[in-house]
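Structure first, then comments.
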Amino acid sequence: MKIGIISRWNATCGISMHAELIVNEFIKLNHDVKVFAPKIQTANKWWHHKIIRENEEDFVIRCYDELDPNTFSGGYFNEEVIKDDFDLIIVESYASIPYREVEKAIEKINCPKIAIIHEGRREDIKYKNLRSFDALVVFDERYVRELLWDLKDITRIIPFPCYPVNEGKREFGEDIITFFSFGRQPEEEYLPYILALDSLSKRYNFVYRIVRSDGELHFKRGWIKQERRRLTNEEVYNMLHNSDVHLIPKGYTNSVVMSTTLNLCLGSLVPTVVPATRHFEMFGEKDSPVVKFKDPKDLEKKLERIIRDETYREELKTLAKEYVENNRCDKIAKKFIELYKELQFRNF
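Those letters in the sequence shown? Residues 70 to 417, by the numbering used here.
The following block contains the structure:
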């Protein structure tokens, strides 16, 4: 099958990560894939977009301009590159894609068309007609309820894919208890972790390793070890395998959102701690693969339980493994193939 995917690629963002996870699985299934990606200079205007690898695959064609982050104007899509005879078109839809230009291009293609909705608010989705797509894919029920309530007939839930389980061999705190964070989140989102660890530092020896590509945080503590670099996925897992607790910083938002960092990293089976924001609201208090906290005091108590309670750590590992296995990237890619077959049978 010949599949065309319009998406960010090879970049530090969830859109790119989703596309790469399913494309790699499509290729393993012997499908012919072409990726139509934004021109780097236009995508890099957005703060969260940075290129990861110097060299890109031969099937990647950079052929469109993203919208301007200040004005949400501009945007361009080269229709000529997508005139091949495709069996399936997938659009990773996001807030800076040139909506109308993409819509015009795909309307001319006679095959099933799927949009994967990454936007967190209905008003952010700027297509003239969402029924230009044969199916809209969302990651969980919240997107249906809050964004696409009037399009339930063409909306399907396919969870965000997870990296497969890749557990390290480290014993908890085998040299020193090690907390770990990485990424480009704003400094204030680290503050609850710093405050909780300030209190814990009176009772425990530990280090908090922070790796950021945007420069070091201004927090100064003897137990903070900072490094400035951009990590590949392999390097992320190397860091996780040398850590005891993964701390994910996230801030408040009203939008429907999820954490792609979590789906990337949970397969390490390292205990993962997150704030009680909308990114993680799909996880309840019971049987959750992550530890959620409400405030620094609550965080302090939960971190101490992780440190002291080996049985609790094993429970978290079991729940994380179950979640990752259920949403493993190869299983998710096959769900898209199943959806294609449904659309092909129904509409074509």
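Ideal Cβ positions, reconstructed from N, Cα and C, are used throughout, including at glycine.
Span separating the alpha-carbon of A106 from that of E379: 45 Å
As assigned by DSSP and simplified to three states, the class of F249: strand
Cut-off 6 Å between Cβ atoms - residues of its own chain near N416, not counting five sequence neighbours on either side: D203
Residue range of the unbroken beta strand (DSSP E) whose run includes H315: 314-316
Rounded separation between E148 and R77 - CA only: 17 Å
Every unbroken beta strand (DSSP E) inside the stretch 355-389 [3 residues or more]: 360-362
Reference D137; option with closest CA among W116, E123, V129, E126: W116
Nearest neighbour of G242, chosen from D267, E161, I375, Y306 [CA to CA]: I375
Bounding residues of the alpha helix (DSSP H) (the contiguous stretch that carries I406): 398-416
A174 - DSSP class collapsed to helix/strand/coil: helix
Pairwise C-alpha distance: E296 and Y262: 17 Å
Beta-carbon gap between S337 and G189 smaller than 8 Å: no
A106 (DSSP reduced to helix, strand or coil): strand
6 Å CB neighbourhood of T329 in its chain, flanking five on each side removed: G83, M86
Distance, V104 Cα to V314 Cα: 36 Å
C-alpha gap between T81 and G252, whole angstroms: 9 Å
CB of K167 within 8 Å of CB of Y145, strictly: The question names Lys, yet the displayed sequence has Pro at residue 167. A contact, by the Cβ cut-off of 8 Å.
Simplified DSSP assignment, three categories, for S162: strand
Bridge partner(s) assigned by DSSP for P344: F362
Simplified DSSP state of E125, which is helix, strand or coil: coil
As assigned by DSSP and simplified to three states, the class of K319: coil
Straight-line Cα distance separating P181 from D267: 54 Å
Buried versus exposed, by CB contacts within 10 Å (16 or more), I175: buried
Extent of the continuous alpha helix (DSSP H) to which F95 belongs: 83-97
Selection from K366, E125, I151 that minimises the alpha carbon distance to Y133: I151
Beta carbon of H348 nearer than 8 Å to that of K386: no
Near the ligand GTP: R225 beta-carbon under 7 Å from a heavy atom: In the structure shown, the ligand GTP is absent, as is every other ligand, since no ligand is present at all.
With 16 other Cβ atoms within 10 Å as the buried cut-off, status of I317: buried
Residues sharing a beta bridge with K294, DSSP: R278
Nonlocal neighbours in the same chain, by C-beta distance under 6 Å from K371, ignoring five residues either side: V360, F362
Straight-line gap, N332 to F352 (C-alpha atoms, nearest Å): 13 Å
Bridge-paired residues (DSSP) for F146: Y133
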